[in-house]
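Q:
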Amino acid sequence: MFVLHIALQGCLRGDDVAYGLTADTGGHIRYLLDLVRACDRDPASDRIVIATRLFESALGADYAVPEEAVSDKMTIVRLASASPDYLPKEALHGEVASFSEALVAWIAAQPMRPAMIHAHYADAAAVAALVEDRLGIPFVFTAHSLGRVKARAMGRPPTDTPSLAHRIAAEETALARAALVIASSRDEAEVQYATYAAYDPGRIRVLPPGSDLARFHAARTCPRVDASIDRFLREPGKPALLALARPVARKNLAALVTAYGESPELQARANLVLVAGTRDDLDDLDGGMAETMRDLLVLIDRHDLYGLVAYPKTHRPDDVPALYAYARERGGVFVNPALNEPFGLTLLEASAAGLPLVATDSGGPNDIVETCGNGLLVDPRDPAGIARACLRILTEPGLRDRYVAGGERAAAAYDWDRHALRYHALLRALGAAEAPSSHPRQLLICDIDNTLVGCDAGLTAFRLWRSEQEGLAFGVATGRSFHSAMAILEQQASPRPQVMITSVGSEIYHLDANGVSYTADRAWRDTVSRGWSREDVRAVLGQVPDLVPQGPLEQRPHKLSYFGDAATARRVRGRLDASGLAASIIHSHGRYLDVLPPAASKGTAVDHVRALYGLTEGNVFVAGDSGNDVEMLRVRRQAIIVANFSDDLATHAALGHSYVARASHARGVIEGVAHFRKMPVHAG
């Protein structure tokens, strides 16, 4: 497979990237290079090319070299565009037309065309769309960061900044045109993109980036790096609050300095270390970085933090592990206070090096902290909250050790080689689409967690069994969101479902003809919207004692999710009834409580899909394991309970007709389908 990447921003070269050299030479370049190196290691990859701008600049001669061979399979190609100079991202839209012409000419000169183009950032997507118009090569899109998110974080309307308005328009076009959009986190897929008119959740995949964490896990201190920090500090042996980010407004380092400056207790317990890019002179910094750096120095002066805050002028890329080790050896904390962090590679690196985290609750850190259990999330606009979180880790017995242990899971959870395997599988599927059956003879709907997945051997058997089932449409029904469900299915290499019933039956998605993306079922959305007063329900439930909301990402337009025991569930039912509000309540695993529109459930969603396919009741199988499957199992004649069930499912009064499998997980599903197929089929 030949994949062409387009990346127009920053100072890009194959090795020794000068991160922080300009405002646009940052994490997206690190992401891109790590991605293509992982793809280079995958035998599925035949050729990889990164197309970027060629420019003359005092920033370095490397950026005027037309072609740079990075490996036997990977090359960076630099193409001239209208301007010969280095340009910040705000000015790149003026280069789209000329760069596109140069790229089309370059492709035409190649012995083989790329199978797929991958565009990084909106202007690259604009180029990819022009190339697709000319040559018919489809493209996938990674935004890295979004203009609407930046505008919201900065508290100004996009129309105030013409370049930002242009960027947002380009992002809208990218979302509308891309064959697939690759996001780094659920927050990006479900919250950030949702602010765009072209938002289509079924064409977005969450593929968490990996990170080369081995060198951070083995991080050791370096006397030279230690000295570059210690020279600022009166008591260099104190714990260090370490922040590592370019000095741009979005990284919100000022809030961290304010948090530290307004907390005498934090100052007494720890030093603050700000590694904010690389500079010889403030006036040489690109874009707004000089202004941001001056703002930090003003805050340090205002709070009289001299001797308490270190802000070294320079560091090399290979110094980064030693920076983490510096903070670790002093019992410190890594802090990321960004207004929004699309993913957060530095969080993984710091965790691998043995540091607990305090991180923004806006963006990818939600997924990282949920997956690894390695720190605390904070509102980046609340300096006092940032200070409290840092103090908790520094003072609460055992908390630091727990978060450090959680960080050990980062290497397994975020691995570039696994990312490359999923990435190439998606690209291959786009290139060889298998359209779903429009007239299946039977339908099987499975719960995901602890039914379809949970046993590797069982899922392996299911994959083989599924491949032999002609005329059977396969789908899933889950409490997870679409993106959360799709992520675990692809991570486990599950057969691709033809239908996805998600968020406890409140949303339905159907597989598209390309065999990869999905389309939301608008008719079902209209059905569940009737009689649903979400804000009224949320306001009433806010008054129920001991009812704790789940995280923001678990709240959906047609689902409100909480933690609560059975008694709390009864109080919720009583409060809603007393308020005259119609809702369906699903309680499972003794602690999860979902409140849905009255028409929404896994059971009603399965029946909607059955009717779409024109199937009789006798040709539908459903399988589950827990309380949130009861509604689906109760109303289906051919209901399967796998052997590893919970919530006393096998003795539930309404499920006496169900088949309780002897086998667990996916093997139990196979067993149950075989059982019902042996029975006489009755019309219905």
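Heads up: the sequence shown at position 138 corresponds to 138 in full-length UniProt numbering, and the numbers run straight through without jumps. Cβ atoms here follow ideal geometry from the backbone N, Cα and C, with glycine treated the same way.
1) Might you give, ordered along the chain, the residues of its own chain that have their beta carbon closer than 8 Å to the beta carbon of Asp-187, omitting 5 neighbours on each side?
2) In the DSSP assignment, find the beta strand (DSSP E) that holds Gly-624 and state where it starts and stops.
3) Does the Cβ-Cβ distance between Asn-336 and Ala-353 come in under 8 Å?
4) Gly-684 to Ala-493, Cα distance in whole Å?
5) Could you have a look at Met-679 and say whether DSSP puts it in helix, strand or coil?
6) Give me the Cβ distance between Ala-7 and His-120, rounded to the nearest whole Å; I'm assuming they're in contact under 8 Å.
7) Report the option in Ala-599, Arg-328, Ala-513 and Lys-313 whose CA atom is closest to the CA atom of Leu-430.
8) Could you tell me which whole beta strand (DSSP E) segments of length 3 or greater appear in the region 388 to 450?
9) In the DSSP assignment, find the unbroken alpha helix (DSSP H) run with Asp-577 in it and report its ends.
10) For the alpha helix (DSSP H) that Ala-613 lies in, which residues bound it at each end?
11) List the whole-angstrom C-beta distance separating Glu-631 from Gly-603, where the pair is believed to meet the contact cut-off of C-beta under 8 Å.
12) Provide the residue span of the alpha helix (DSSP H) that contains Leu-472, from first to last.
13) Take the Cβ of Val-572 as the centre, count every other Cβ of all protein chains shown within 10 Å, and call the residue buried at 16 or more, exposed below.
14) Among all the DSSP beta bridges, which residues are the ones paired with Asn-336?
15) Can you tell me where the alpha helix (DSSP H) holding Asp-367 begins and where it ends?
16) If you draw a straight line from the alpha carbon of Leu-244 to that of Val-620, how long is it in whole angstroms?
17) For the region 111 to 154, list the beta strand (DSSP E) runs that are entirely contained and at least 3 residues long, ordered along the chain.
18) From the DSSP output, read off the bridge partner residues of Asn-252.
19) Within 10 angstroms of the Cβ of Gly-672, are there 16 or more other Cβ atoms? Answer buried if so, exposed if not.
20) Starting from Asp-40, trace the alpha helix (DSSP H) in both directions and tell me its first and last residue.
21) Is it buried or exposed for Ala-219, if we count other Cβ within 10 angstroms and need 16 for buried?
22) Which of helix, strand or coil does DSSP assign to Thr-616?
23) Buried or exposed: which applies to Val-476, given that a residue is buried once 16 or more other Cβ atoms fall within 10 Å of its Cβ?
24) Would you mind working out which of Thr-651, Ala-176 and Ser-211 sits nearest Ala-194, comparing C-alpha positions?
25) Provide the residue(s) that pair with Gly-375 in DSSP beta bridges, ordered along the chain.
26) Starting from Met-74, trace the alpha helix (DSSP H) in both directions and tell me its first and last residue.
27) Would a C-beta distance cut-off of 8 Å place Leu-339 and Leu-242 closer than the cut-off?
28) From Leu-426 to Leu-391, what distance separates their C-alpha atoms?
29) Whether or not the region 393 to 412 and the region 366 to 384 are in contact is what I'm after, with contact meaning three or more pairs of Cβ atoms, one per stretch, closer than 8 Å; do they touch?
30) How would you label Gln-677, buried or exposed, when you count the other beta carbons within 10 angstroms and need 16 or more for buried?
31) Output the distance between the C-alpha atoms of Asp-301 and Val-17, rounded to the nearest integer angstrom.
32) Shortest alpha-carbon distance to Ser-71 belongs to which of Asp-46, His-419 and Leu-472?
33) Roughly how many angstroms separate the alpha carbons of Ala-102 and Met-1, rounded to a whole number?
34) Go through the region 491 to 567 residue by residue and report every complete run of the alpha helix (DSSP H) that reaches 4 residues or more, in order.
35) Label Thr-314 either buried or exposed according to how many other C-beta atoms from any shown protein chain fall within 10 Å of its C-beta, with 16 as the threshold for buried.
A: So, to answer that:
1) Ser-362, Gly-363, Gly-364, Asn-366, Asp-367 and Leu-553
2) 620 to 624
3) no
4) Reliability fails at Gly-684, whose pLDDT of 45 lies under 50, so the model's placement of it is uncertain and the value that follows must be treated cautiously. Their Cα atoms are separated by approximately 35 Å.
5) coil
6) 4 Å
7) Ala-513
8) 442 to 446
9) 566 to 579
10) Residue identity differs from the one stated: residue 613 is Tyr in this sequence, not Ala. Looking at the DSSP string, the run of the alpha helix (DSSP H) that includes Tyr-613 is 602 to 613.
11) 4 Å
12) Here Leu-472 belongs to no alpha helix (DSSP H); instead the beta strand (DSSP E) covers 472 to 477.
13) buried
14) Ala-359
15) 365 to 372
16) 54 Å
17) 116 to 120 and 139 to 142
18) Paired residue(s): none; Asn-252 is not in a bridge.
19) buried
20) 27 to 41
21) buried
22) coil
23) buried
24) Ala-176
25) Leu-357
26) Here Met-74 belongs to no alpha helix (DSSP H); instead the beta strand (DSSP E) covers 74 to 79.
27) no
28) 44 Å
29) yes
30) Just to set this straight, residue 677 is Arg in the shown sequence, not Gln. Flag for Arg-677 reads exposed.
31) 33 Å
32) Asp-46
33) 23 Å
34) 522 to 529 and 534 to 541
35) exposed
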